[in-house]
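These notes are about the structure you will find just below.
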Amino acid sequence: MRPFSSPAGAGLAASLTVSLAAALALTLALAGCSAPAPSPAGDRAEGGRGEVDQIVLADGGDPGEFNPVSGYGSTGVSPLYEGLLRPAAEDDSTLPRLEPALAAAEPEVSDDGLTWTIRLREGVRFHDGSQLDSGDVAATYRAVVDPRSASPIASDYSTIEQVDTPDPLTVRFHLGAPDPGMPARLLLGIAPSEALTPGPASASVLNSEPVGTGPYRLDRLTAAEAVLEAFPEHRDGPPEVTRLVIRAVPDADARAQMVRAGEVDGASLPPRLAEGLAGRDGLELVSVASADWRTVALPMSHPFAGDPAARRALNVAVDRDGLVDRVLSGHGRPVASPISAAYPEYEPSPFTEPRAAGERSVEATEILRGAGWRPGDDGVLVRDGERAEFTLAYPATDPVRRELASAFADQMREMGVAVTVWGGSWDQIERRIGEVAILLGGGDNPYTVDTQAYRALHSRTAATGPLDNPGDFGDPRVDAALDAARTTADPVERTEFYREAQRAYARAPGHVFLATLDHTYLLRDTGHTRPAPILEPHTHGVTWGPWWSLASWTRDR
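Taking my numbering, the leading residue of the sequence shown gets 12, the next gets one more, and so forth.
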C-alpha cells in the first residue's frame, strides 16, 4: 500500500493531486407552509442565542434537493455536508489540490490501483448528534449506485465494484479497473446511514431535511428563504459567521437591485449585469474562473445538424472569441471541447486557432458546398429538399444561455443556416431531446478530466443521464480512447489517450463547444476577511464565489 499522492510507483497516483475540486452550490427546497418575515441583511443582530454574525444572500438557483445521493455536495464544497476529501487552493488559477476532510489521512492505494483504503477521523458528529462511522460512508456510496435511487450521478461511480467496512473507522473501496477519476469520487458528501432509505433519491427526506457533518446545519426552510446556522459541535468549532440566510430570487435584475439597496449582502449575477454595477455604492465585482462549459449539443438524427459536414462547418464558423467578448463581457475563455487548457491532458483544437476576419466563414461555406448544401431562394442552404435549419433550445430562466443562443444564431445566419432559438423549462426541453439542439452547460465534477469529458463525449449507455450527450453523439474512436484512459494506470499513457480522444472528436464533432465561463458575483463589504475563491464547477451560486468557504471567514477586528 502507498499514499495516494505519493510519487512512488508512478502509475495512477502520480497525477491525482492535480485533478480535484469543488462542489455543488446550495439550492433551496420549497416548503408547503407560509414563510415568516425574511431575515434582514446586516452585520450583527441580537438573537435569542446571543450575538449573531449574519450574511444574507440572494440566490437564483432552483429550489430543492439537498440530498447528496442526487449530487448535492458531490464535489466537496457544501456548508451542510463533507466528503472524505475536500478541495484546497490559493486561488482560482489552477486545479485545486486534495486534502483530507472526513478522512483522517490521505487514502492508501494498492500498487495495482484497485483498492483504496481510508481511515476516518474519530469523534465526528452529524447534525442529529449521531457519530460518523464507516457504515455511513458505505451506505452513501451504495445508495448512489443503487438503481432504485435513480441517481443522476450514478455513472460517475461505475468503477466502484464494492465498498467494505473492516472496522467502524475504516472504509475500503474495490475498483473494477484503475480509475483516474477516483479522487473526485471521494469528495461525495456523506449522510447518516439511517437517513438513506431505499427508493428514488428525488423523494428522500434529505432533500428538505439534510443531515450532514458540515460547519452549518439547516435551521429553517420556507418558500422564501433557507436559514443555516453554525453547527456548534463541528470538529473545527463553530464558524464566526453564525448565520447564513439564502433568499430564493430567480430574477437576476431583482437580485442586483437587492444588493444595491442593501437588502442582501451579495448575489451571483450574469457578467454584463454585474459589470454595470461594479464600483457603485461601494459594490465589489468578484469574477471566478471555472471549468463550466457551454455547448450547442447537436441532434445526430437531424437531417442538417446530424450531417458530419454540417457539424464540422458549424464548429469552423462560430466566432468563439466574439461570444466571450460580447455576451460574457470578457468573463470566459473559448473552448472547442470539454477539456480546456486548465488540464494537462489538453490538446489544442483547430477550431480555436486564431483566424483572420472572414476566413472562418469562407472555410465553413466551402465545407458545406462540398457536401451538397446550396443557397435556396431565401438564402437558407438546401440539399435534397432539406433546409439548413434547426431549433436551439435553452432554459428560459437563464439569461446568459439565452444571449449565447441568440448570438450563435446570428452568426450562423450569415452563412445560410437558420437557427430558431426557443426557451422552455427543462421538462419541456427533455421531451424534445433528439429533435432540437440544446444549449447545455457542463462540468459538474470537473476536477478530474475523466468526469469532465466522459459524459459529454462518450456514446450513451444505460447509465447515461438524459441531458448527458442528449444529441446521441457517438464515435468509436472517441469511445475507445476514453475507455482506455479511464482504465490505464500509467499517467503518460493516460494523457495520450485523452489527447487522442480530443483529436478524434475534432475530426467529427458532435457539439459546438463555445466557452468556459467565469462566474461573476456582486457583494457588499460586510467587514470580514475571506479566502480567495477557487476554480469552480458548473454548478455555482451563493455558496460559491466569495462565500465558498464561509466557515473560515473572520470578522475584521
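The C-beta atom is built at its ideal place from N, Cα and C for all residues, glycine as well.
Computed from a predicted model, the values in this text were never measured in an experiment.
Proximity to residue i [Cα-Cα], best of the options
i: Thr181; options: Leu229, Leu113, Ser169, Ile171; result: Leu113
i: Gly317; options: Thr472, Val447, Ala149; result: Val447
i: Ala420; options: Trp433, Ile545, Pro410; result: Trp433
i: Ala598; options: Thr554, Gly94, Asn326, Asp486; result: With the chain covering only 12 through 568, there is no way to say anything about residue 598.
i: Gly84; options: Val135, Asp144, Ile201, Glu110; result: Ile201
i: Asp264; options: Pro282, Glu76, Glu110; result: Pro282
i: Ala407; options: Leu379, Arg371, Leu450, Glu425; result: Leu450
i: Arg380; options: Arg413, Ala321, Tyr509; result: Ala321
i: Phe524; options: Thr475, Glu507, Glu76, Arg412; result: Arg412
i: Arg323; options: Asp144, Pro557, Gly293, Arg371; result: Arg371
i: Trp143; options: Asp395, Tyr92, Trp559; result: Per the sequence shown, residue 143 should be read as Leu rather than Trp. If we check each option's Cα against that of Leu143, Tyr92 comes out closest.
i: Ala486; options: Gln513, Ala473, Thr506, Gly452; result: Correcting the residue identity first, residue 486 is Asp in this sequence and not Ala. When only C-alpha atoms are compared, the closest one is Gln513.
i: Tyr509; options: Thr86, Tyr354, Met426; result: Tyr354
i: Leu198; options: Ala399, Leu296, Asp276, Val88; result: Val88
Span separating the alpha-carbon of residue i from that of residue j
i: Ala195; j: Thr128; result: 15 Å
i: Pro386; j: Ser162; result: 46 Å
i: Gly290; j: Asp438; result: 39 Å
i: Asp7; j: Gly71; result: Residue 7 lies beyond the residue range present for the chain, which begins at 12 and ends at 568; the question has no answer from this structure.
i: Pro261; j: Pro189; result: 42 Å
i: Tyr458; j: Leu207; result: 27 Å
i: Leu561; j: Gly82; result: 21 Å
i: Ala429; j: Pro345; result: 23 Å
i: Ala328; j: Gln422; result: 8 Å
i: Asp247; j: Ala241; result: 11 Å
i: Tyr465; j: Phe484; result: 12 Å
i: Pro250; j: Pro79; result: 22 Å
i: Ala285; j: Val216; result: 36 Å
i: Gln268; j: Leu280; result: 11 Å
i: Gly192; j: Asn480; result: 19 Å
i: Asp123; j: Thr170; result: 14 Å
i: Val222; j: Pro203; result: 7 Å
i: Thr431; j: Pro557; result: 37 Å
i: Arg97; j: Thr105; result: 15 Å
i: Val393; j: Ala467; result: 29 Å
i: Gly343; j: Gly146; result: 42 Å
i: Asp569; j: Ala491; result: In the structure as shown, the chain begins at 12 and stops at 568. Residue 569 is therefore absent and cannot be evaluated.
Sequence-distant residues of the same chain with beta carbon closer than 6 Å to residue i, five excluded per side
i: Glu220; result: none
i: Ser360; result: Ala347, Ala517
i: Val148; result: Val182, Ile201
i: Glu441; result: Pro477
Neighbourhood of residue i by C-beta distance below 8 Å, restricted to the same chain and skipping five residues each side
i: Gly454; result: Ser301, Ala302, Asp303, Trp304, Pro349, Gln463, Thr527, Pro548, His549
i: Glu133; result: Ala115, Leu180
i: Glu397; result: Pro314, Phe315
Residue environment, residue i, which counts as buried when at least 16 other CB atoms sit within 10 Å
i: Gly58; result: Here the model assigns Gly58 a pLDDT of 41, short of 50, so the residue's position is not dependable and the matter cannot be decided.
i: Ser351; result: buried
i: Thr565; result: exposed
i: Ser570; result: Residue 570 lies beyond the range of the chain shown here (12 to 568); nothing can be said about it.
i: Val67; result: buried
i: Asp175; result: exposed
i: Val503; result: exposed
i: Ser160; result: buried
i: Ala214; result: exposed
i: Glu172; result: exposed
i: Asp167; result: buried
i: Gly210; result: exposed
i: Cys44; result: Confidence is the limiting factor: at Cys44 the pLDDT is only 37, short of 50, which leaves the residue's position unreliable and the question unanswerable from this model.
i: Ala368; result: exposed
i: Ala212; result: buried
i: Ser298; result: buried
i: Asp330; result: buried
i: Glu356; result: buried
i: Arg424; result: exposed
i: Gly293; result: exposed
i: Leu31; result: Residue placement at Leu31 cannot be trusted, given a pLDDT of 32 that sits under 50; the coordinates are not used to answer.
i: Thr472; result: exposed
i: Pro365; result: exposed
i: Glu101; result: exposed
Chain-order list of residues whose beta-carbon lies under 7 Å from that of residue i (same chain, five-residue window excluded)
i: Ala56; result: Because Ala56 sits at a pLDDT of 48, beneath the cut-off of 50, its placement in the model cannot be relied upon, and the following sentence gives the value as read from the coordinates. Excluding residues within five positions, the ones whose Cβ falls inside 7 Å are Val63, Gln65.
i: His313; result: Phe401
i: Gly341; result: Val335
i: Arg488; result: Ala515
i: Ile378; result: Ala320, Arg323, Ala324, Val327
i: Ala165; result: Val155, Val156, Ala474
Please confirm if the region 212 to 230 is in contact with the region 530 to 550, defined as three or more CB-CB distances below 8 Å between the two stretches. These segments do not touch.
Touching by the beta-carbon criterion (3+ pairs, under 8 Å), the region 405 to 419 and the region 334 to 342: yes
Count Cβ pairs between the region 231 to 242 and the region 491 to 508 that sit closer than 8 Å; are there 3 or more? Below 8 Å, too few C-beta pairs join the region 231 to 242 and the region 491 to 508 to call them touching: fewer than three.
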